[in-house]
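Asks: The structure's right below; bear with me while I get my questions together.
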Amino acid sequence: GFQADSIYACTQRIECIGETLRYMPMSYRQFATITLTIKDENLAENVKDLRIIGDTNGINCRNMAPIKGVLEFLLPVSTEHIYHFRVPRQRIDSVLELNLVRLSGEVVTLPIGSWIIASGYDWYAADLEEIDILIDHSDSFTTVTISGWSDGTEYIMEF
């Protein structure tokens, strides 16, 4: 599959009751660009494939609501461990995961959709914002930081 297209769209019901009607359509961003940075050599090493898997793959053109469907695409492996990809508008209960497939065949699943929801990200905003995810691992704990693009807010999880 493929990552989401950069879709800007809107829908508005208008009543044409006179001879003249003026309406200025506003296009809204229906996708989020995610930048994922992995600062964990153990997690990022010996990776054969990085795969985004989800269960929401588009939007309804009548009301801009997310549509259930298979979302799956590969990310190119990066030696810097920085990945950029686009996903369509998601539902609150959407599944969105990153699977790292190691050369050994082991699969490490990261629940990035759950992290994004826990951060307070608004998938129902008129204009979707960009998402920055940083996975930073030290000897004692792992930190996942999700930063908002325009407002600069951060959500930090440690485990």
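Going by this note's numbering, the sequence shown opens with residue 12, and the numbers climb by one from there. Note that the Cβ used here is the ideal one computed from N, Cα and C, for glycine as well. Just so we're clear, the structure is a prediction, and the values are computed from it rather than from any experiment.
(1) Expressed to the nearest angstrom, what Euclidean distance is found between the alpha-carbon atoms of N57 and I128?
(2) Alpha carbon to alpha carbon, how far is I144 from G80?
(3) Strictly by DSSP, which residues pair up with N110?
(4) For K50 versus L114, is the C-beta spacing smaller than 8 Å?
(5) Tell me whether S158 sits in a helix, a strand or coil according to DSSP, three-state version.
(6) Alpha carbon to alpha carbon, how far is I103 from S130? Give it in angstroms, no decimals.
(7) Hey, quick one: how far does the beta strand (DSSP E) through A43 stretch, first residue to last?
(8) Can you list, in chain order, the residues of its chain whose CB lies under 8 Å from that of G124, leaving out five sequence neighbours each side?
(9) Which whole-angstrom value is the C-beta distance of Q14 and F96, which I expect to be below 8 Å?
(10) Answer with buried or exposed for A137, where buried requires no fewer than 16 other C-beta atoms within 10 angstroms of its C-beta.
(11) Could you check which residue in L139, T156, I45 and S158 has the C-alpha nearest to that of S38?
(12) Who are T67's beta bridge partners in DSSP?
Replies: So, from the data block:
(1) N57 and I128: Cα-Cα distance of roughly 29 Å.
(2) Cα to Cα, the separation comes out at about 24 Å.
(3) In the DSSP output, where bridge partners are listed per residue, N110 has R62 and T120.
(4) Taking 8 Å as the Cβ cut-off, K50 and L114 do not qualify as a contacting pair.
(5) Secondary structure at S158: strand, using DSSP grouped into helix, strand and coil.
(6) When rounded, the distance between both Cα atoms is 12 Å.
(7) Start and end: F42 to K50.
(8) The residues are G65, Q101, S105, V106, L107 and E108.
(9) Their Cβ separation, rounded to whole angstroms, is 5 Å, which keeps Q14 and F96 in contact under 8 Å.
(10) Under a 10 Å Cβ-count criterion, A137 is classified as exposed, with fewer than 16 other Cβ atoms of the shown protein chains found around its own Cβ.
(11) Nearest of L139, T156, I45 and S158 to S38, Cα basis: L139.
(12) K79.
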